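Here's the structure, in structure tokens; my notes come after.
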């Protein structure tokens, strides 16, 4: 059977607009990979009658209710109480959880001490399965009642994510005798509609596994999902589908079940013990920022020169004035010179450089907004892409960085660096 | 009277987890500034019966329904049809809107041509107020029916935001004979609970205007909201409150009704015709990235050296080896030397430098994760903050950049650079 789930975000801060409901996004993505249909998200404040009314609506239209938030130690945190009462479950003191909370406070350097309120978190619905919290004190839990499944997760995104992956997904997998397995094929360098065009016949003719494309920021994700009696079988069923997608999309696939383009590049660099440096103009440090978002990036990333003002390209990066004057700062020769120079300066194995017009106005040579050159310098050679990325500043910057990462990825995997 | 609103996000991509519901966050923040209570958010897919059921629930518990999404030209986009039918309104062809759509296609460089579907967007509920779309073809609209107000906005965040600000807010303001005005006091350098402690007596004793603190990422926002017969009066009522908050919080207030810390710094630099450069280690380009997020930043930002590997601090920034060896890369003398050096290299009026341990591990000198030094070099002098920012990598990086921006802001406004 196919389950439906509703995600119920609990927290007044969501209704005030202090934060976006990223928990619901993360959980939805996970449920879609499990083949569970999500038809509604609801957000409600820390208000018991309104929370109760939202729970009543959710149970009338979904098999599984997943709450996020309201599990903390303050008197506002009432999710457990309201949900337990709604489903006729008592809250019972759970000594092992209390012990875990006590030792959490004993072992961590915290300015605030444990209060009796913290032990309230050890009150849990009778007969529930307890989800341990790897990042905080609030445990989550799950129970079944009258054919409905209730899962409660904490609100802080780090806690919610880790508990969802480590506890909720295994719980949900056990609901079904079928194994549903899904894989994510990550693609850069071709738009969603072009991917759809190429794969339409294949997608339409398939029912198990299924194949569906999703547009991500500047890239495309293809989700393959298979149902079978067991996991091995489901995994095996996906193999020929993935092989066929590889044939059709080719080296624009940068990874399967990987995180991001920058993580893929990081892994490749680390594997090959190579280092990288960047020289950035219009991206203004965004590429370096993305590479250093990754814990452990110091093993592969040397540094960057952000040469935002034109004269810095000469004064700091040493791009010859003659080249800058002849071709302008936004040009192929300048991008190549920037890459070669930053590679030398930083003593890196390879380097990328980005120079372009992110707007709001054309540059002094009348290059329209969106004109960008991305160069790679490696192994004594160089390559350069000339791009036209539209008029949106933020998109121009993200896509420019994506292209730089894609060129590194292609170099390190030995596929054509300038396709088409 | 005080209105309640429900925000109804329409779009299957939200339920699949492809995007977060940032429209609901943006609108919630705006409604809270208008004194309109938001008790629920709902997200539903592009499915007419389920959308209809969500509309029925929303109308039973809110005075105002604001939908986002589902106004596009594809056959999936059914928000207008479902809402109009639910409230007994016919859809009527609106020639001026059709003309606007035709000319949009005529005047813009697009690869896709206008189709008959695009003209579907000119079908609008009878008697509605039309909201023009500054960024796309889909118009929004608002109507009243049976005491309920329905507002429909497009889903893409840029279109939604601009239509909400330019069309929906004025519509909502007119619903009330009272003027509700609100101002945002932006604070950096003191936590939310400390702000609450200092202002508690004041907050508790006030009912109009009201004063409420909100935690933002690494900073605090105080919202002052006043109701009065007219806007002038409401604005005047807030003056003494703002003055008193200024007395209590002092120069930790970095702006009122401003965007972000980096925008505040950008405005100050531009006003004073000063330029800035940055040298970054653990932030890895994040500060440069944030400064160059701002269109027009080239007027004030020269560039940055991201010296992520230790040797780059010497080889590129010229920090003497003796200093690096004696004090270690994460130290006050190195931060100061980095700032002074990048200021000279880039010919900037002022420079900031950040060096620290963002984790995952301690550095080789046993500095714990979260140890960060932020230095400012300006006018032949220098200042340095020593910070301990906890263990979360992302927070360490954001807070380090915030501190650097705060030091620049303090220098340019002539207040103490190292308070406390």
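Residue numbers (the numbering used here), protein chains in the order written: chain D, 1 to 420; chain L, 421 to 840.
All C-beta atoms in this analysis are idealised placements derived from N, C-alpha and C, irrespective of residue type, glycine included.
Just so it is clear, the structure is predicted and the values come from calculations on it, not from any experiment.
Discussion item. Excluding the 5 residues flanking residue 90 of chain D on each side, which residues of the same chain have their C-beta closer than 8 Å to its C-beta?
Written reply: Result list for residue 90 of chain D: 84, 125 and 126, in chain order.
Item to complete: Determine the DSSP secondary structure at residue 670 of chain L, reduced to helix, strand or coil.
Response: helix
Discussion item. By the 8 Å beta-carbon criterion, what residues does the stretch 40–51 of chain D contribute toward chain L?
Written reply: 40, 41, 42, 43, 44, 45, 47 and 50
Discussion item. Judging by CA-CA distance, which residue of L:698, L:448 and L:801 is the nearest neighbour of residue 733 of chain L?
Written reply: L:698
Discussion item. In the DSSP assignment, the beta strand (DSSP E) including residue 633 of chain L goes from what residue to what residue?
Written reply: 630–636
Practice prompt. Could you check what DSSP says for residue 89 of chain D in three-state terms: helix, strand or coil?
Written response: coil
Fill in: Helix, strand or coil at residue 537 of chain L according to DSSP, with G and I counted as helix
Shown here, residue 537 of chain L sits in a helix according to DSSP, grouped into three states.
Worksheet item: By the 10 Å Cβ neighbour count, where 16 or more other Cβ atoms means buried, how is residue 559 of chain L classified, buried or exposed?
Response: By the 10 Å Cβ count, residue 559 of chain L comes out buried.
Worksheet item: Nearest CA to the CA of residue 791 of chain L: which residue from L:672, L:644, L:776 and L:506?
Response: L:776
Item to complete: Please report the Cβ distance between residue 608 of chain L and residue 539 of chain L, rounded to the nearest whole angstrom; I am assuming they are in contact, meaning their Cβ atoms lie under 8 Å.
Response: Going by Cβ atoms, the distance from residue 608 of chain L to residue 539 of chain L rounds to 50 Å, so no, they are not a contact pair.
Item to complete: State buried or exposed for residue 628 of chain L, treating a residue as buried only when at least 16 other CB atoms are found within 10 Å of its CB.
Response: exposed
Discussion item. Report the CB separation of residue 153 of chain D from residue 66 of chain D in whole angstroms; it is logged as a contact under 8 Å.
Written reply: 7 Å
Practice prompt. Give the interface partners of residue 353 of chain D over in chain L, defined as CB-CB distance under 9 Å, in chain order.
Written response: Result: empty, since nearest Cβ-Cβ is about 13 Å, beyond 9 Å.
Practice prompt. Inspect the beta-carbon positions of residue 460 of chain L and residue 44 of chain D and report whether they are closer than 8 Å.
Written response: yes
Worksheet item: When the Cα atoms are used, what is the spatial distance from residue 382 of chain D to residue 340 of chain D?
Response: 8 Å
Worksheet item: Taking 8 Å as the CB-CB cut-off, is residue 828 of chain L touching chain D?
Response: no
Item to complete: Spatial neighbours of residue 675 of chain L within its chain, please: CB distance less than 7 Å, with the 5 preceding and 5 following residues excluded, ordered by chain position.
Response: 606 and 684
Discussion item. At the level of alpha carbons, what is the spacing between residue 296 of chain D and residue 774 of chain L?
Written reply: 18 Å
Practice prompt. Determine the chain D residues that contact residue 652 of chain L at a beta-carbon separation under 9 Å, and present them in chain order.
Written response: Near residue 652 of chain L there are no residues of chain D at all, since even the closest Cβ is about 27 Å away, more than 9 Å.
Item to complete: Please decide whether residue 307 of chain D counts as near chain L, where near means a Cβ-Cβ distance under 8 Å.
Response: yes
Worksheet entry | Cα-Cα separation between residue 516 of chain L and residue 224 of chain D, rounded to whole angstroms | 45 Å
Discussion item. Taking a contact to mean a Cβ-Cβ separation below 8 Å, would you say residue 831 of chain L touches residue 798 of chain L in this structure?
Written reply: Taking 8 Å as the cut-off, the beta carbon of residue 831 of chain L is found closer than this to the beta carbon of residue 798 of chain L.
Discussion item. Using a Cβ-Cβ distance cut-off of 8 Å, determine whether residue 20 of chain D contacts chain L.
Written reply: yes
Worksheet item: Using a beta-carbon distance below 8 Å, is residue 312 of chain D in contact with chain L?
Response: yes
Worksheet item: Near residue 454 of chain L, which residues of its chain fall below 8 Å by C-beta distance, leaving aside the five closest residues on each side in sequence?
Response: 589, 592, 593, 600 and 602
Discussion item. Going by DSSP in three states, residue 30 of chain D sits in which element: helix, strand or coil?
Written reply: Three-state result, residue 30 of chain D: helix.
Worksheet item: Counting only beta-carbon atoms, is residue 709 of chain L nearer than 8 Å to chain D?
Response: At least one CB atom of chain D sits nearer than 8 Å to the CB of residue 709 of chain L.
Item to complete: Determine which residues of the stretch 660–688 of chain L have a Cβ less than 9 Å from any Cβ of chain D, and write them out in chain order.
Response: none
Discussion item. I'd like to know if residue 452 of chain L contacts chain D, where contact means its C-beta is closer than 8 Å to some C-beta of that chain.
Written reply: yes
Practice prompt. Work out the CA separation of residue 28 of chain D and residue 178 of chain D for me, nearest whole Å.
Written response: 20 Å
Discussion item. When you measure from the CB of residue 217 of chain D to every non-hydrogen atom of the ligand HEM, does any distance come out below 7 Å?
Written reply: With respect to small molecules bound, the structure shown includes none, and the ligand HEM cannot be examined in it.
Worksheet entry | Cut-off 8 Å between Cβ atoms - residues of its own chain near residue 391 of chain D, not counting five sequence neighbours on either side | Excluding five sequence positions before and after residue 391 of chain D, the CB atoms of its chain that fall closer than 8 Å to its own CB belong to 359, 369 and 370, given in chain order.
Worksheet item: With a cut-off of 8 Å, do at least 3 Cβ pairs link the stretch 699–709 of chain L to the stretch 819–829 of chain L?
Response: yes
Discussion item. To the nearest angstrom, how far is the alpha carbon of residue 635 of chain L from that of residue 13 of chain D?
Written reply: 9 Å
Fill in: residue 623 of chain L, DSSP secondary structure in three states
helix
Discussion item. Taking 8 Å as the threshold (beta carbon to beta carbon), is residue 219 of chain D in contact with chain L?
Written reply: no
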